[in-house]
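Participant:
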Amino acid sequence: MVAAAFAWLRRSRPKGCPAPASLPLRAPAIKRPNNTPHLWEVSMVSRRTVLFGGALALTGAGSGRASAQVQPIKIGVLEDMSGVFSDLGGNGTTIAARMAVEDFGGKVLGRPIEIVSGDHQNKPDLALSIARKWYDIEGVGLITGLTNSAVALGVQKLAADKNKINIVQNASTDVLIEQDCSPNAIIWNWTARTIVRLTVEMAMKTSGKTWYFIVSDYAGGRIMEDEATPLIKSAGGAVLGTSRPPVGEADFASHLLTAQASKAEVLGVVTFGQDFVNLLRQCVDFGIVRTMRPVAPFAFHSDLKAVGPQGIQGMPVAAPFYWDLNPETRAFSDRFRKLTGRPPDVGHAGTYNALIHYFKSLKAANTDQTADVLAAMRKMPINDMSTKDGFIRGDGMVVRQIYRFVGKTPAESKDPWDLLKFVDTVPKEAAFPEQKDPKCRLLKA
231 MVAAAFAWLR RSRPKGCPAP ASLPLRAPAI KRPNNTPHLW EVSMVSRRTV
281 LFGGALALTG AGSGRASAQV QPIKIGVLED MSGVFSDLGG NGTTIAARMA
331 VEDFGGKVLG RPIEIVSGDH QNKPDLALSI ARKWYDIEGV GLITGLTNSA
381 VALGVQKLAA DKNKINIVQN ASTDVLIEQD CSPNAIIWNW TARTIVRLTV
431 EMAMKTSGKT WYFIVSDYAG GRIMEDEATP LIKSAGGAVL GTSRPPVGEA
481 DFASHLLTAQ ASKAEVLGVV TFGQDFVNLL RQCVDFGIVR TMRPVAPFAF
531 HSDLKAVGPQ GIQGMPVAAP FYWDLNPETR AFSDRFRKLT GRPPDVGHAG
581 TYNALIHYFK SLKAANTDQT ADVLAAMRKM PINDMSTKDG FIRGDGMVVR
631 QIYRFVGKTP AESKDPWDLL KFVDTVPKEA AFPEQKDPKC RLLKA
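For the sequence shown, the working numbering begins at 231 and goes up steadily by one.
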């Protein structure tokens with residue numbers, strides 16, 4: 231394009247004027263009164279400037295068309311990538327998100343789909359800083375992952391303030407769908423109240439009626455104990471005692487011996503991560519599993535695998551997903567395992583399923599405007615590898631089936647990840663019953 235401009239200039243220059251290739255960068259020095267240039271000189275300098283500027287503008291326009299690409303649909307995966315919850319979320323969540331993008335064809339609304347990821351390090355302030363940058367500067371429309379209830383609560387409020395979307399995976403506090411519920415939030419997998427209730431119901435039928443709790447001394451642990459205790463009592467059971475070791479405890483001997491001395495039939499375990507693994511391993515070492523049945527309302531696959539069948543055999547488990555649940559979950563898990571070396575946990579599968587639903591809703595809404603996309607997500611039934619005809623309730627909770635399992639014995643387990651045996655399916659209406667006195671303002675309206 232620049233060459234064409236020069237050719238035109240050569241053809242159209244005034245007679246006797248040098249060709250553009252030989253034009254000096256400055257006008258030629260000519261002796262004249264008061265150093266005033268000739269009119270032709272002004273004309274040529276101006277013409278040269280216009281032509282150079284025009285040619286560059288034209289080439290700039292061409293490169294601008296090349297660089298002004300269609301803006302991508304951007305999704306942020308905000309997870310604990312390096313801390314105590316990294317097995318539950320971590321880079322596995324990012325991989326699951328990319329699998330969803332690939333399976334959907336990489337585009338929606340004619341725009342490429344892009345995944346960005348960040349490590350919140352279980353620090354709510356850091357999570358907010360990353361989320362704010364994504365929403366305000368980087369054009370992210372949806373953030374998912376959010377393992378850690380404090381992180382999830384902070385980002386959920388920010389998403390509402392920015393009119394963006396957040397989808398919570400592993401965080402379990404019921405505050406997300408109660409006092410802090412948001413029209414922009416979706417809680418994909420579970421809350422503490424649901425999982426505690428379904429696990430306790432099963433344990434009361436299969437494991438015993440007298441309980442002793444070992445509860446990590448933090449707010450989430452006490453909340454789950456408070457949820458479980460009235461359920462146990464209303465079913466004719468009793469809580470014979472509680473121990474509260476600090477988070478990060480390595481030696482549970484004194485707590486386990488006290489629990490054993492109580493003669494309780496069930497050991498209620500409310501710990502996570504390495505604390506859970508250490509406690510269950512010591513249950514085996516001390517022979518506690520011969521006289522008491524450990525029951526853990528939140529038992530993640532990675533923690534169960536670290537303990538092994540000897541420590542979890544017979545343990546009741548309630549979850550919205552298990553890798554060996556059906557042919558669809560097995561097919562997905564085989565692909566995930568090839569990429570990560572392990573099967574997916576609840577949050578990984580939830581991320582994949584949630585994003586596929588989001589992409590379908592973008593297509594149905596034919597826009598990425600938040601209100602329209604959320605309306606489409608709520609209108610469209612959720613059907614995926616572990617959910618049949620689920621839906622998003624007014625408080626943001628996904629109403630869907632929950633599955634119950636028991637831990638396999640060492641003889642039944644054929645693989646290090648072959649840990650659970652299917653027992654039954656809890657229908658979605660029973661798993662997430664209609665609330666008689668909802669605390670979420672969105673349900674009261």
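Glycine included, every Cβ here is placed at the ideal spot set by N, Cα and C. Predicted, not measured: the structure shown is a model, and the values here were computed from it.
1. Taking just the CA atoms, how far does R341 sit from I612?
2. Out of T436, A433, E455, state which residue places its alpha-carbon closest to the alpha-carbon of F443.
3. Going along the chain, which residues of its own chain have a beta-carbon closer than 8 Å to the beta-carbon of V346, five neighbours each way excluded?
4. Below 6 Å CB to CB, which residues in the same chain sit around K392 once its five sequence neighbours on both sides are set aside?
5. Helix, strand or coil for V496? Go by DSSP, reduced to three states.
6. Spell out the partners DSSP gives T374 in its beta bridges.
7. Quick check: the region 622-641 against the region 400-410, are there 3 or more CB pairs under 8 Å?
8. With distances taken Cα to Cα, identify the nearest neighbour of I417 among S563, I397, F334.
9. Give the range of the beta strand (DSSP E) segment to which K651 is assigned.
10. Give me the Cα-Cα distance between K590 and G322, rounded to the nearest whole angstrom.
11. Would you say A536 and V507 are within 8 Å of each other, going by their C-beta atoms?
12. Could you pull the start and end residues of the beta strand (DSSP E) that D645 belongs to?
13. What's the gap between the Cα of W441 and the Cα of E659?
14. Under the assumption that V653 contacts V636 (Cβ atoms under 8 Å), give the Cβ distance between them as a whole number of angstroms.
15. With 16 as the cutoff for other CB atoms within 10 Å, does P663 come out buried or exposed?
16. In the DSSP output, what is M627 paired with across the bridge?
17. Any idea what DSSP makes of G450, helix, strand or coil?
18. Residues bridged to A465 by DSSP?
19. Which whole-angstrom value is the C-beta distance of L555 and I542, which I expect to be below 8 Å?
20. Quick one: does the C-beta of T429 sit closer than 7 Å to a heavy atom of the ligand FMN?
21. What do you get for A422, buried or exposed, if any count of 16 or more other CB atoms within 10 angstroms of its CB means buried?
22. Going by C-alpha to C-alpha distance, which of I373, F315, V500, Q351 sits closest to A327?
23. What is the rounded straight-line gap between the Cα of A382 and the Cα of I425?
24. In terms of residues, what are the limits of the beta strand (DSSP E) holding A548?
25. Identify which residue in M329, G384, I343 has its Cα closest to the Cα of Q301.
26. Enumerate in chain order the residues of its own chain whose CB-to-CB distance from V629 is below 7 Å, with the five nearest sequence positions on each side excluded.
27. Using the C-alpha atoms, what's the distance from D481 back to A678?
28. Does A641 pass the burial test, meaning 16 or more other C-beta atoms within 10 Å, or should it be called exposed?
29. Could you give the distance in angstroms between the alpha-carbon of Q490 and the alpha-carbon of T521?
30. Can you grab the Cα-Cα spacing for the pair H531 / Q299, in whole Å?
31. Could you check what DSSP says for G538 in three-state terms: helix, strand or coil?
32. Enumerate in chain order the residues of its own chain whose CB-to-CB distance from D317 is below 6 Å, with the five nearest sequence positions on each side excluded.
33. Since I believe P527 is in contact with A579 (beta carbons under 8 Å), could you give me their beta-carbon distance rounded to a whole number of angstroms?
34. Are the beta-carbon atoms of L592 and L339 separated by less than 8 Å?
35. Given a cut-off of 8 Å, decide if P460 and V499 are closer than it, judged by their beta-carbon atoms.
36. Spatial neighbours of K651 within its chain, please: CB distance less than 8 Å, with the 5 preceding and 5 following residues excluded, ordered by chain position.
Facilitator: Here's the rundown:
1. 24 Å
2. E455
3. K304, I305, G306, V307, W364, E368, V370
4. Y365
5. strand
6. V307, I397
7. yes
8. I397
9. 650-656
10. 22 Å
11. yes
12. That residue, D645, is in no beta strand (DSSP E); it is neither H nor E in DSSP.
13. 28 Å
14. 6 Å
15. exposed
16. I417
17. helix
18. Paired residue(s): none; A465 is not in a bridge.
19. About 17 Å; that fails the 8 Å criterion.
20. With respect to small molecules bound, the structure shown includes none, and the ligand FMN cannot be examined in it.
21. buried
22. I373
23. 18 Å
24. 546-549
25. I343
26. G620, F621, R623, K658, F662
27. It is not possible to answer for residue 678, since the shown part of the chain is limited to 231 through 675.
28. exposed
29. 8 Å
30. 42 Å
31. coil
32. S532
33. Not confirmed; about 19 Å, so no contact.
34. yes
35. no
36. F635, V636, G637, K638, E642
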